[in-house]
Amino acid sequence: MSSSTSACLASFDAHGTTTGFAAVQLIAPLPSLSSPRADPIPEIYILALSVSRASRRKGLGATLLRQATAGLVRAASSGNRKKVKLSLHVEVGNEDALAFYRKLGLDIAGTRPRFYRRLRNGGGASDAYEVSGIVEWVS
0 MSSSTSACLA SFDAHGTTTG FAAVQLIAPL PSLSSPRADP IPEIYILALS VSRASRRKGL
60 GATLLRQATA GLVRAASSGN RKKVKLSLHV EVGNEDALAF YRKLGLDIAG TRPRFYRRLR
120 NGGGASDAYE VSGIVEWVS
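So for the sequence shown, my numbering puts the first residue at 0; every next one is plus one.
Put into structure tokens, the structure is as follows:
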């Protein structure tokens, strides 16, 4: 499922079980606001990226992210641009996610206190890292 400003992609194993999904949204430049002379690096926010434990460390997360962002990059820029600025939030303490994003070239840019709110188990909240960076996808 995709539009010119958002995309959602899922993967399944041979038995039809979901192995991963990605949801992304174009933040800037929006296609309708882009200047014909400017070709800035598109910025895409990762709304969600999840890979089942059994499917991790096999390249699926990076593949889902690359495929989910590809159409948005084309919609936001002219030519064959492959660079994109990715940004997202990662719960403090989620070292596996941080290692994955660092491997892609992203890094912690800041911290958001109480970003994740708990709806069960007594409520409460946890902090999130603001993670971002420029990625150049290789075909």
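Positions of the beta carbon are idealized from the N, C-alpha and C atoms, including for glycine.
On a predicted model such as this, the values are computed, not experimentally measured, just so you know.
Between Gly58 and Val50, the C-beta spacing is not below 7 Å.
Under the DSSP definition of a beta bridge, Arg117 lacks any partner.
By the neighbour-count definition (other C-beta atoms within 10 Å, threshold 16), Pro112 is an exposed residue.
Note: Glu42 is bridge-paired with Ala27, Lys84 in the DSSP secondary-structure output. As computed with DSSP, Tyr128 is found in a beta bridge with Val89, Thr110.
Apart from sequence neighbours up to five positions away, the residues of its chain that approach Ala47 with a beta-carbon distance below 6 Å are Ala22, ordered along the chain. For Ala98, no beta strand (DSSP E) encloses it; the enclosing alpha helix (DSSP H) starts and ends at 94-103. Assignment of beta-bridge partners to Ala75 by DSSP yields no partner.
Scanning its chain for C-beta atoms nearer than 6 Å, with the 5 sequence neighbours on each side dropped, one finds around Asp12 the residues Thr18, in chain order. Taking every protein chain shown into account, the CB of Thr68 has 16 or more other CB atoms within 10 angstroms, so this residue is buried. The beta carbons of Lys82 and Glu135 sit closer together than 7 Å. Thr17 is bridged by DSSP to Phe11.
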